[in-house]
Each structure stands twice: as C-alpha cells, then as structure tokens.
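Student:
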Amino acid sequence: MDIDKRKRNKMIRVIFVDIIMSLAVVALVFVLVAIVEGWRLSSNLKLEQNGMAQIESLPTGAKVIIDGRQDFNETNISKLLSAGEHEIVLKKEGYDSWSKKIRIASGLLTRLRNPRLFKQNRTTENVADFEGLRFLYASPDHRSLLIASNQTTKWQYITSLGADKVVTETIDVKGIFSNTSDGNFSGEILEVNWNETGEKVLLKVKRGDQVEWGVINLKKVNESVNLSQAILKYTDKNLKKTDVDKKNEVEKKDAAEQIEAKHVLSNVIIEDASANKFLALVDGNLQEIDITGRSLSEAYLKNIAQFKLSGSEVIYLTNVEKDKRQIGIYKLGDKGGIELETVVRSKRDATIYLGISDFDNKKYLSVVVDDLFTIYRTDEYPTYGNNDNLPEKINEEKLGFTPKRFIKS
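Laid out in structure tokens, this is it:
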C-alpha cells in the first residue's frame, strides 16, 4: 500500500509540475507577444501599448535626445515610445541641431526619414558662372545639374556636386531634336524626367505646334534617341511577317502619309533604372518602347487617355466611350486591365486625378473625380480574370479644392 501510495503521489507531483510548466510557457508566450507589440507597464503601473519611432538622419551618427533625455544609441535607430506627443532633438558635433515634436500612436510605427543636419560655419563655393541662363534642372539626388545658356544646343552637365571636385562637361544636343542642326535650340521644354542614376534625362520638347520626346544620354550623347522619330522605324512586335510585307507595300505607295498618321507619342514614362525601356501612349495605345532592341511592344491597353506607373503596376484612365470613362489597374505582362471605377461623363468636364504608390508593404491607389477623393488599398494587385484581390476602398472624402496636377476629360 505504501509503495502504491508513493507512486500515486509521485505521479500527481509530475502532473502538477507539467501543468505549471505548460502554464508558464503559455504565459511567457503571451508576455513576449505583448512586449513585441509594444505593451508595457507605465510608471503608474497601468498596462499601456507603446508605439515605435524609427529615426534616421543625414548624416548618420547623430545623438538622439527624446523629451530631454539622451538615448545611448545614435541614428539611425528604432525606439519604443509611449503614445502621445514627444520632442525629438538630433545633435552632431559640427552640425546645427534638428528638433521636431511628433505624435506617437499606440501600436503604430512613425518614421522620421527627413532630418537633414547642416554643417556649421558653412562656406560657399563658386562652381560655375553663366550669363543669359535659360534653364537649370537638378537630378533627383541633387548631385547633377543640366544647364543651358541662351538658345544654344551646347548644354552644361555638372556632376559630383558635394564632392571635393565638381565636374563640368559640355554636351551638344544638336540634331537630336528637329530643327537643331544649326546649333540653335529654340524649343520649349515641357517635361524633364531623370533616370535613377542621373545619367539620362527624358525631355518633352515643344517647338511651334510640334511636340517631341527624346532621351539624352548625358555620358554618351551620341547614344541619345529622339523617341518620336525612332518609333517610326522600330519594329512592332505585334506584326507577323505577312503583316510586315503588307505594311511595306502600303508604305511604298504612300509612305509619307502612313508615317504622319501613325505613332504619335502623347505621354512617355521611364520604365527601368537604365532608361532603356519606356512605357508610352502611342496613338492612344499603351505600349513599351525598347531603344536597345529597337522595338515596340504590342498594345497592352487601347483607348487610353492617361496613366501612372509604379514598379510594374499601372493605373489608367480610358478615353470617353458611350459617355463613360473607365479607371482601371494593369500589371505589365498581364493579358488586360481590371476595371476599378466607372466615371459617367457629366454635363461639364470632369476633373480626374490618378495616383499610385507603395507604403509599408501595402499598395495604394488614389482617385479624384471632381471634388470626390477616394483611396484604395491592397496587399497585392489582382491578375486579369481573377478579381479576388480587388483593392479595398478605405476612404472617401469631399475636397475643398482641386489638385493642381490632374487629368481633365
């Protein structure tokens, strides 16, 4: 009996210890999850959820002072802070300090990516002098400048701004655009878009009633391309061999009329980092221009009025058809677009603005029709024929003004 009783008591103790250990593991998991999600005990012993601040600076290595107390880490850092208002001060020896009051929300990440510290006792340096300056365009990284004086085709390309030695080169764009063979550039530059490396620039130029698009290779000017002229010679990938033969026969009969009637560029966007591929509206069709392969893609979408590109996704607006316009999304390489919203043409012209962007692993679309502003959000865009991932409408507001940048029907 004593042996059986001892065995039973031992078994009870083992089971009790196992239960305690299991409960401890579960409790520990809950505590760790709560810690990861920012839950902390406040000074008055209340359980509160903190938010996180991600603080960056240029240059890095700045001391971080939060609400008067210096953190032992330097930028760039991530810091858990209680919900509410906090004052952030950044200091670095030899630089002016930076400060800002921010509001932290429980369970959310607040990013500070804009702090820029400026040197104290800054000295100016004369990089170049110009007379009769006609235009000046800066690259997105502010390391390069494109400058022209008067109406000449000889432009100045200034690079390495901020480095010990600034480099100035003269580039001649003579012959790239129409009526510039005499060295005179009288056109008006309507749009300027740089590629990511700052070595190429896409220009939209107007001279009289003629509008041309051209990409200037600032490092190798002889490799620059007038896109408006080049696509007249590029091979359309959508044409079969028999179609090409028929096309050639037609061109022999009336080549000039055929060229003038086709391949009109109305909008061009740089597609890749090296600016060798462009997404463009050609005769109202969305097509890809490949200057390396000297080719045009098939028409991805037809009857398009305007579009915006982000990565491989496109938000587009169609032309009016049966008093309606379609706003849709399209993924490059897909079979077709997916309708997002229908705009019924009103008695007056509708003002339409489109936007597309990514933030925090989410994809956002914005649509403004007159004064109605709508935001859509999704994790992934749907593919053609599969509408399971249609963007969710997360906000709809009436605006008190119309954005300056818009697409007017």
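Residues in the sequence shown are numbered consecutively from 977, following our numbering.
All residues carry an ideal CB built from backbone N, CA and C; glycine is no exception.
#1: Assign PHE1377 to buried or exposed, taking buried as 16 or more other Cβ atoms, counted over all protein chains shown, within 10 Å of its Cβ.
#2: Using a 10 Å radius around the Cβ and a threshold of 16 neighbouring Cβ atoms, would you call LYS986 buried or exposed?
#3: Who are the near neighbours of THR1359 in its chain, counting only those whose CB is closer than 7 Å to its CB and skipping five residues on each side?
#4: LYS1369 and TYR1352 - do their beta-carbons sit closer together than 8 Å?
#5: If we ignore side chains and look at the alpha-carbon of each, how far apart do ASP1043 and LEU1021 end up?
#6: Leaving out five residues before and five after GLY1070 in sequence, what residues of the same chain have Cβ atoms less than 7 Å from its Cβ?
#7: Can you tell me whether ASN1026 is buried or exposed? The criterion is at least 16 other CB atoms within 10 Å of its CB, across all chains shown.
#8: At which residue ranges does the segment 1246–1276 contain complete beta strand (DSSP E) runs of 3 or more residues, listed in the order of the chain?
#9: In angstroms with no decimal places, state the Cα-to-Cα distance between VAL1343 and THR1350.
#10: Do you know how far the Cα of ILE1305 is from the Cα of LEU1366?
#11: Under DSSP, the alpha helix (DSSP H) around VAL1296 begins and ends at which residues?
#12: State the beta-bridge partners of SER1286 as determined by DSSP.
#13: Between the Cα of ILE1053 and the Cα atoms of ASN1362, MET1028, LYS1076 and LYS1068, which residue gives the shortest distance?
#14: Would you list the one or two residues that DSSP bridges to ASP1334?
#15: If we count the other Cβ atoms within 10 Å of its Cβ and call it buried at 16 or more, is HIS1118 buried or exposed?
#16: Three Cβ pairs or more, each shorter than 8 Å: is that satisfied between the segment 1133–1148 and the segment 1183–1191?
#17: Would you tell me roughly how many angstroms separate the C-alpha atoms of ASN1126 and ILE1245, rounded to the nearest one?
#18: Enumerate in chain order the residues of its own chain whose CB-to-CB distance from VAL1345 is below 7 Å, with the five nearest sequence positions on each side excluded.
#19: Buried or exposed for ASN1171, going by 16 or more other Cβ atoms inside 10 Å?
Tutor: Checking against the coordinates, here is how it stands:
#1: It is exposed - the Cβ of PHE1377 has fewer than 16 other Cβ atoms within 10 Å.
#2: exposed
#3: LYS1307 and ASP1310
#4: Cβ distance < 8 Å, so TYR1352 and LYS1369 count as in contact.
#5: 21 Å
#6: Within the same chain, LYS1095 and GLN1096 come within 7 Å of GLY1070 by CB-CB distance, once the 5 residues on both sides are set aside.
#7: buried
#8: 1253–1258 and 1261–1266
#9: 5 Å
#10: 10 Å
#11: Neither: VAL1296 is in no alpha helix (DSSP H) and is coded neither H nor E.
#12: GLU1289
#13: Closest in alpha carbon position to ILE1053, among ASN1362, MET1028, LYS1076 and LYS1068, is MET1028.
#14: LYS1339
#15: exposed
#16: no
#17: 28 Å
#18: VAL1319, ALA1326 and ILE1328
#19: buried
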